[in-house]
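K.L.:
Residue numbers (our numbering): 9 to 431. Backbone N, C-alpha and C fix where the C-beta goes; we use that ideal spot for every residue, glycine too. Remember, it's a predicted structure, so these values are computed and weren't measured experimentally. This is the structure I have questions about; it appears just below.
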Ligand SMILES: Cc1ncc(COP(=O)(O)O)c(C=O)c1O
């Protein structure tokens with residue numbers, strides 16, 4: 009039996025209807041932007057394996073840092089103990105975050121980073137003796153699959169089975185061009201109608217919605233409304249963080265600063281699962297008390313795992329290298345040139361580019377569902393051509409590792425052009 013068949017005996021995959029899904033592909037190895045399956049077929053990983061590895065697969069700089077850490081201190085509980093890599097992550101990260109971010113809380117994945125932010129928002133008001141139990145989020149948001157993260161996400165096939173079991177959430181329109189006023193008004197109405205604790209958003213780009221983009225000016229305006237009403241703001245940079253939008257963080261485009269940030273994915277360059285939620289001093293201080301009940305009773309066994317921290321330090325060191333920053337600019341220029349080439353195609357509805365993110369919406373007679381027929385046709389076509397792209401309905405997006413070569417990128421563009429013709 010090959011890997012794919014052995015997998016089928018025992019394993020349950022994420023977001024997969026196993027009855028109808030195509031056979032799972034067994035991947036044997038990866039290097040830079042490439043992956044090879046068990047039969048030796050080569051794939052370009054044009055979505056950096058769910059947006060995690062900016063420096064490519066099997067990066068030896070990150071791997072060496074992990075190995076060194078593994079043979080020094082692989083793990084120690086973070087309750088009552090600390091270690092050099094965790095402290096160093098804080099010392100290296102805080103200077104590049106918005107200046108109001110002062111404290112870091114470690115967890116294991118993007119959903120838990122969001123879960124922590126939401127719990128802190130709710131308990132912040134609880135600790136102050138103020139009852140605020142409603143969240144505000146964007147329509148079509150995606151913040152993860154744990155319960156509070158699901159609550160904050162848009163209603164979809166991801167969450168429909170659990171409707172009615174969530175924290176109270178009001179969803180407002182995304183301020184995409186032309187919808188800014190509607191978004192501001194909806195936020196104001198939400199704040200007037202319910203005791204809102206926090207507004208959570210994916211800054212500037214909603215990843216899982218299909219790389220939906222909106223302006224920094226409109227997000228500044230929404231944060232301003234929250235600040236005027238003492239509503240906390242949570243920037244979920246799980247996808248956008250660490251260079252994807254062209255700056256280190258999407259929040260770097262803003263004039264306002266969020267109260268909390270959620271980071272994961274590229275944090276450890278796609279190696280060890282790890283996440284961070286970051287906070288202002290004011291938030292931390294609301295939990296700092298002689299009363300133990302005011303503490304944050306949240307934690308995970310592998311909180312601040314030293315090998316994860318070592319990977320994060322190596323990853324941040326790579327991110328600041330001029331060659332990597334040049335790569336981000338290079339990919340952005342290529343995306344803009346491809347956008348120019350493809351945007352007037354009769355089958356193309358819209359295109360958008362930010363940083364290393366490119367998205368193209370194919371015209372369709374029907375409303376395309378997330379995992380609908382067009383999506384499956386496109387996905388299978390890309391896989392047959394040796395390119396890993398996971399369209400969202402009729403939206404094809406690219407979010408490559410920053411080290412993807414020009415010729416690999418051109419191949420991805422050409423295959424997308426071919427795909428437009430076959431659907
Ligand atoms: C913006 C955002 N937040 C949270 C998550 C959840 O992260 P994870 O899958 O690591 O739990 C994702 C995952 O795609 C995301 O894009």
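Give the secondary structure of residue 21 by DSSP, where H, G and I count as helix, E and B as strand, and everything else as coil.
P.N.:
Taking the first residue of the chain shown as position 1, residue 21 is located at position 13. The answer is coil: DSSP assigns residue 21 none of H, G, I, E or B.
K.L.:
Which same chain residues, not among the five before or five after residue 76, have their C-beta less than 8 Å away from its C-beta?
P.N.:
Taking the chain shown and counting its residues from 1, one reaches residue 76 at position 68. Excluding sequence neighbours, residue 76 sits near 318.
K.L.:
Is it the case that the CB of residue 247 approaches a heavy atom of ligand 1 more closely than 7 Å?
P.N.:
Start at 1 with the first residue of the chain shown, and residue 247 comes out as number 239. Indeed, a heavy atom of ligand 1 lies less than 7 Å from the Cβ.
K.L.:
Could you please give the first and the last residue of the uninterrupted beta strand (DSSP E) stretch that includes residue 400?
P.N.:
In the chain shown, counting from the first residue as 1, residue 400 sits at position 392. Here residue 400 belongs to no beta strand (DSSP E), and DSSP marks it neither H nor E.
K.L.:
May I ask which residues mark the beginning and end of the alpha helix (DSSP H) holding residue 293?
P.N.:
Reading the chain shown from its first residue, position 285 is the one you call residue 293. Unbroken alpha helix (DSSP H) run through residue 293: 289-293.
K.L.:
Spell out the partners DSSP gives residue 50 in its beta bridges.
P.N.:
Here residue 50 is taken as the residue at index 42 of the chain shown, counted from 1. Partner(s): 44.
K.L.:
By DSSP, does residue 180 sit in helix, in strand, or in coil?
P.N.:
Mapped onto the chain shown, residue 180 falls at position 172. The answer is strand: DSSP assigns residue 180 an E or B state.
K.L.:
Within 10 angstroms of the Cβ of residue 396, are there 16 or more other Cβ atoms? Answer buried if so, exposed if not.
P.N.:
Here residue 396 corresponds to residue number 388 of the chain shown, with the count starting at 1. Buried, since its Cβ has 16 or more Cβ neighbours within 10 Å.
K.L.:
Out of curiosity, what's the CA-to-CA distance linking residue 301 and residue 294?
P.N.:
On the chain shown, position 293 is the one that residue 301 refers to. On the chain shown, position 286 is the one that residue 294 refers to. Whole-angstrom Cα-Cα distance: 12 Å.
K.L.:
Give me the DSSP bridge partner(s) of residue 268.
P.N.:
Your numbering for residue 268 matches position 260 in the chain shown. Beta-bridge pairing links residue 268 to 242 and 287.
K.L.:
Less than 8 Å separating the beta-carbons of residue 144 and residue 178?
P.N.:
Translated into positions along the chain shown, residue 144 becomes position 136. Translated into positions along the chain shown, residue 178 becomes position 170. For residue 144 and residue 178, yes; Cβs fall inside 8 Å.
K.L.:
Please report the Cβ distance between residue 158 and residue 170, rounded to the nearest whole angstrom; I am assuming they are in contact, meaning their Cβ atoms lie under 8 Å.
P.N.:
What you label residue 158 is simply residue 150 of the chain shown in a count that begins at 1. What you label residue 170 is simply residue 162 of the chain shown in a count that begins at 1. Yes, residue 158 and residue 170 are in contact; Cβ-Cβ is about 6 Å, under 8 Å.
K.L.:
Which runs of the alpha helix (DSSP H) at least 4 residues long sit entirely within the segment 284-365? Give them in chain order.
P.N.:
289-293, 314-327 and 330-350
K.L.:
By alpha-carbon positions, which one of 43, 276, 246 and 54 ends up nearest to residue 419?
P.N.:
Residue numbering aside, residue 419 sits at position 411 when the chain shown is read from its first letter. Closest option to residue 419, Cα to Cα, is 54.
K.L.:
Residue 132: buried (16+ other C-beta within 10 angstroms of its C-beta) or exposed?
P.N.:
As a first step, residue 132 must be located in the chain shown, where it is residue number 124. Classified as buried, residue 132 has 16 or more neighbouring CB atoms from the shown chains inside 10 Å of its CB.
K.L.:
Enumerate in chain order the residues of its own chain whose CB-to-CB distance from residue 248 is below 8 Å, with the five nearest sequence positions on each side excluded.
P.N.:
Within the chain shown, residue 248 is the residue found at index 240, counting from 1. The residues are 210, 211, 212, 213, 215, 257 and 258.
K.L.:
Starting from residue 234, follow the alpha helix (DSSP H) in both directions and report where the run begins and ends.
P.N.:
Here the question's residue 234 lines up with position 226 in the chain shown. Run containing residue 234: 224-236, per the alpha helix (DSSP H) assignment.
K.L.:
Identify which residue in 10, 282, 309 and 421 has its Cα closest to the Cα of residue 97.
P.N.:
Working through the chain shown from its first residue, we reach residue 97 at position 89. When only C-alpha atoms are compared, the closest one is 282.
K.L.:
Among 134, 320 and 219, which has the Cα closest to the Cα of residue 406?
P.N.:
Position 398 of the chain shown, counted from the start, is the residue given in the question as residue 406. The shortest C-alpha separation from residue 406 is found at 219.
K.L.:
Please confirm whether any heavy atom of ligand 1 lies closer than 7 Å to the CB of residue 145.
P.N.:
Residue mapping note: residue 145 aligns to position 137 of the chain shown, counting from 1. Residue 145: no, Cβ never under 7 Å from ligand 1.
K.L.:
Who are residue 144's beta bridge partners in DSSP?
P.N.:
Numbered from 1 along the chain shown, position 136 holds the residue referred to as residue 144. Paired residue(s): 178 and 207.
K.L.:
Could you tell me if the beta carbon of residue 308 falls within a distance shorter than 7 Å of some heavy atom in ligand 1?
P.N.:
Looking up residue 308 in the chain shown gives position 300. No, Cβ of residue 308 sits at least 7 Å from all heavy atoms of ligand 1.
K.L.:
Per DSSP, what kind of secondary structure is residue 82 in: helix, strand or coil?
P.N.:
Stepping through the chain shown from its first residue, residue 82 is reached at position 74. Three-state DSSP puts residue 82 in coil, outside helix and strand.
K.L.:
Please list, in chain order, all residues of the same chain as residue 388 whose beta carbon is under 7 Å from its beta carbon, the five residues on each side excluded.
P.N.:
As a working note, residue 388 is residue 380 in the chain shown. If we look at residue 388 and ignore the five residues flanking it on each side, its Cβ neighbours are 30.
K.L.:
Let me make sure I understand the geometry here. Which of 26, 403, 206 and 325 has the alpha-carbon closest to that of residue 130?
P.N.:
Here the question's residue 130 lines up with position 122 in the chain shown. Ranking 26, 403, 206 and 325 by CA distance to the CA of residue 130 puts 206 first.
K.L.:
Answer with buried or exposed for residue 287, where buried requires no fewer than 16 other C-beta atoms within 10 angstroms of its C-beta.
P.N.:
Counted from its first residue, the chain shown places residue 287 at position 279. Residue 287 comes out buried.
K.L.:
What span of residues does the beta strand (DSSP E) with residue 35 cover, start to end?
P.N.:
Walking along the chain shown from the start, residue 35 turns up at place 27. Counting along the chain, the beta strand (DSSP E) containing residue 35 begins and ends at 35-39.
K.L.:
Spell out the partners DSSP gives residue 370 in its beta bridges.
P.N.:
Along the chain shown, one-based indexing puts residue 370 at 362. Answer by DSSP bridge pairing, in chain order: 356.
K.L.:
Over the uninterrupted alpha helix (DSSP H) stretch that includes residue 100, give me the two end residues.
P.N.:
Position 92 of the chain shown, counted from the first residue, corresponds to residue 100. Here the alpha helix (DSSP H) through residue 100 covers 92-101.
K.L.:
Going by alpha carbons, who is nearest to residue 329 out of 52, 62 and 347?
P.N.:
Against the chain shown, residue 329 aligns to sequence position 321. The shortest C-alpha separation from residue 329 is found at 62.
K.L.:
Among 95, 225, 117 and 380, whose alpha-carbon lies nearest the alpha-carbon of residue 58?
P.N.:
Taking the first residue of the chain shown as 1, we reach residue 58 at position 50. The residue with the shortest Cα to Cα distance from residue 58 is 117.
K.L.:
Classify residue 95 as buried or exposed, calling it buried when 16 or more other Cβ atoms lie within 10 Å of its own Cβ.
P.N.:
By 1-based counting over the chain shown, the position of residue 95 is 87. With fewer than 16 Cβ atoms within 10 Å of its Cβ, residue 95 is classed as exposed.
K.L.:
If you run the structure through DSSP and keep just helix, strand and coil, what is residue 221?
P.N.:
On the chain shown, position 213 is the one that residue 221 refers to. Note: residue 221 maps to strand in three-state DSSP.
K.L.:
Whole angstroms are fine: how far does the CA of residue 401 sit from the CA of residue 374?
P.N.:
As a position in the chain shown, residue 374 is number 366, starting the count at 1. As a position in the chain shown, residue 401 is number 393, starting the count at 1. Cα-Cα distance, rounded: 11 Å.
K.L.:
May I ask whether a heavy atom of ligand 1 can be found less than 7 Å away from the beta carbon of residue 58?
P.N.:
For the purposes of this step, residue 58 is taken as residue 50 along the chain shown, with counting starting at 1. The answer is yes for residue 58.
K.L.:
Roughly how many angstroms lie between the CA atoms of residue 268 and residue 107, to the nearest whole one?
P.N.:
Indexing the chain shown from 1 puts residue 268 at position 260. Indexing the chain shown from 1 puts residue 107 at position 99. Here the C-alpha atom of residue 268 lies approximately 12 Å from the C-alpha atom of residue 107.
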